[in-house]
Amino acid sequence: MQTTELSQLQSLNGQLQEIKSCLSHTCILLDKFATNANNSQRLLDTYNRVQSAAFNNKQLIDGGIDNQIEKLQGQIDELKKKLAAGGTRSTLPSSS
10 MQTTELSQLQ SLNGQLQEIK SCLSHTCILL DKFATNANNS QRLLDTYNRV QSAAFNNKQL
70 IDGGIDNQIE KLQGQIDELK KKLAAGGTRS TLPSSS
């Protein structure tokens with residue numbers, strides 16, 4: 010009977026070693042998963058910052074373009090007024 014019990018004990022010990030090995034691999038995989046999740050979050054944060062900066066830059070560019078258009082429209086309106094009032098070519102700004 011001792012031989013049977015010893016054999017069962019050895020079998021259980023082998024199964025225990027397999028379980029320990031599986032748990033060890035599971036811990037390694039969980040650690041990698043956590044690292045990947047952390048990296049994914051950092052990438053998402055970076056993407057959001059870049060997207061926000063791009064939006065802000067577009068607004069600045071659009072605002073600058075709108076401002077330039079308004080200035081040019083004002084200059085055109087002034088020239089139209091001068092021409093309507095009988096201005097000559099000498100009153101127009103030179104193109105050089």
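Under my numbering, the very last position in the sequence shown is 105; numbers go up by exactly one each time. Every residue, glycine too, gets a C-beta built ideally from N, C-alpha and C.
Residue i - DSSP class collapsed to helix/strand/coil
| i | result |
| --- | --- |
| G83 | helix |
| G95 | coil |
| S105 | Because S105 sits at a pLDDT of 48, beneath the cut-off of 50, its placement in the model cannot be relied upon, and the following sentence gives the value as read from the coordinates. S105: coil per DSSP, three-state reduction. |
Cα-Cα separation, residue i to residue j
| i | j | result |
| --- | --- | --- |
| A93 | Q84 | 14 Å |
| D86 | K80 | 10 Å |
| D75 | Q82 | 10 Å |
| L69 | C36 | 49 Å |
| K67 | K29 | 56 Å |
| Q77 | A62 | 22 Å |
| S33 | G72 | 58 Å |
| S105 | Q60 | For S105, the predicted structure reports a pLDDT of 48, less than 50, and the residue's modelled location is therefore unreliable. A value from the coordinates is still provided. S105 and Q60: Cα-Cα distance of roughly 41 Å. |
| L15 | C31 | 24 Å |
Close Cβ partners of residue i (< 6 Å) along its chain, the five nearest in sequence each way excluded
| i | result |
| --- | --- |
| N57 | none |
| T44 | none |
Chain-order list of residues whose beta-carbon lies under 8 Å from that of residue i (same chain, five-residue window excluded)
| i | result |
| --- | --- |
| G95 | none |
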